[in-house]
Amino acid sequence: MMLQRWYLEARNSTTRFNSRYNMFELQELPASSFLQLFCMTFPCFLNLLQLIEQNPVFYNNSRNPQREPPIQIAVAICCLGSNGNGSAVYQLKNLFQVGYGTVDLYTRRVIKAIYELRSSLISWPTKCERIESSQVMQDKGLLGCVGFVDGTLIALSQKPPIDGNHYFDWKKRLDFRLSNCSVKSPCNM
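Residue 65 in the numbering used here sits at position 65 of the sequence shown, and the numbers go up by one each step.
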């Protein structure tokens, strides 16, 4: 009996999209799988989709239309959430069954669409908002601070040639942190 079965336990299939995958397949992923794959929840994905899906970068006048914006965004978000090295692109190419250059193309389109929204998404706080934020910061012991950003880690695939050992984080990974602290000037408040 044992020799007739290759595996002792039933095997689960891995997440893999067929060549005609669509938005419905993305929706059917369990929440934990979606979060692990895309580094965001499905509602956040839908919000991003709503913000950028009408951007002209996703449409052309060719006989060969582009893939639907949700798919291009899904591939790009996966790529942006990966380690930033070449092996991640190969994994995405296989997962989404697209060409190697397609992963880069979709990622560039999504970045361009998001970048074009920068003026409507990012703004300096108004005077009233600065005063309110500064008061909250002062209550927490940060005098004169309008606000701050803790930062995000940007993964590196290779150690930089200059001061490379300085780029190891507390988990012994190569990365650097983007962070910012905005401090008000007393005369500009």
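For every residue, glycine included, the Cβ atom is placed at its ideal position computed from N, Cα and C.
This one's a predicted model, so the numbers in the text were calculated from it and none came from an experiment.
Can Asn-61 be considered in contact with the ligand PLP, in the sense that its beta carbon sits closer than 6 Å to one or more heavy atoms? This structure does not include the ligand PLP; it has no bound ligands of any sort.
Taking contact to mean 3 or more Cβ pairs, one atom from each stretch, closer than 8 Å, check whether the stretch 133-148 and the stretch 163-178 are in contact. no
Please confirm whether Leu-156 and Leu-174 have their CB atoms less than 7 Å apart. Here residue 156 corresponds to residue number 156 of the sequence shown, with the count starting at 1. Here residue 174 corresponds to residue number 174 of the sequence shown, with the count starting at 1. Taking 7 Å as the Cβ cut-off, Leu-156 and Leu-174 qualify as a contacting pair.
Three or more C-beta pairs closer than 8 Å, one from the stretch 85-100 and one from the stretch 43-62: is that the case here? no
Quick check on Arg-108: does DSSP put it in helix, strand or coil? Sequence index remark: in the sequence shown, residue 108 carries index 108 (1-based). Here Arg-108 sits in helix by DSSP.
Assign Val-110 to buried or exposed, taking buried as 16 or more other Cβ atoms, counted over all protein chains shown, within 10 Å of its Cβ. The sequence position of residue 110 within the sequence shown is 110, counting from 1. With 16 or more Cβ atoms within 10 Å of its Cβ, Val-110 is classed as buried.
Use the C-beta contact count for Cys-79: other C-beta atoms within 10 angstroms, 16 or more gives buried, fewer gives exposed. Looking up residue 79 in the sequence shown gives position 79. Cys-79 is buried by the Cβ-count criterion.
How should Ile-162 be labelled, buried or exposed, when 16 other C-beta atoms within 10 angstroms of its C-beta is the threshold for buried? Within the sequence shown, numbered from 1, the residue matching residue 162 stands at position 162. Burial call: exposed.
Would the beta-carbon of Phe-42 fall within 7 Å of that of Phe-34? Here residue 42 is taken as the residue at index 42 of the sequence shown, counted from 1. Here residue 34 is taken as the residue at index 34 of the sequence shown, counted from 1. Cβ distance < 7 Å, so Phe-42 and Phe-34 count as in contact.
Please report the distance separating the alpha-carbon of Gln-66 from that of Lys-127. On the sequence shown, position 66 is the one that residue 66 refers to. On the sequence shown, position 127 is the one that residue 127 refers to. Each residue's alpha carbon lies about 44 Å from the other.
Where are the alpha helix (DSSP H) runs, 4 residues long or more, that stay fully inside the stretch 109-177, in chain order? 118-121 and 127-139
Just the C-alpha distance for Pro-30 and Phe-45, rounded to the nearest angstrom, thanks. Residue mapping note: residue 30 aligns to position 30 of the sequence shown, counting from 1. Residue mapping note: residue 45 aligns to position 45 of the sequence shown, counting from 1. Whole-angstrom Cα-Cα distance: 14 Å.
Could you check what DSSP says for Gly-101 in three-state terms: helix, strand or coil? Here residue 101 refers to the residue found at position 101 when the sequence shown is read from its first residue. Residue state, collapsed to three classes: helix.
Give me the Cβ distance between Val-75 and Leu-92, rounded to the nearest whole Å; I'm assuming they're in contact under 8 Å. To locate residue 75, count along the sequence shown from 1; it is residue 75. To locate residue 92, count along the sequence shown from 1; it is residue 92. Indeed, because the Cβ distance is near 6 Å, the residues count as touching under 8 Å.
Within 10 Å of its beta-carbon, does Gln-138 have 16 or more other beta-carbons around it, so buried, or fewer, so exposed? Residue mapping note: residue 138 aligns to position 138 of the sequence shown, counting from 1. Exposed.
Ignore the nearest five residues each way along the sequence and tell me which others in Lys-112's own chain have a CB closer than 6 Å to its CB. If you number the sequence shown from 1, residue 112 lands on position 112. Excluding positions up to five away in sequence, the list reads Val-57.
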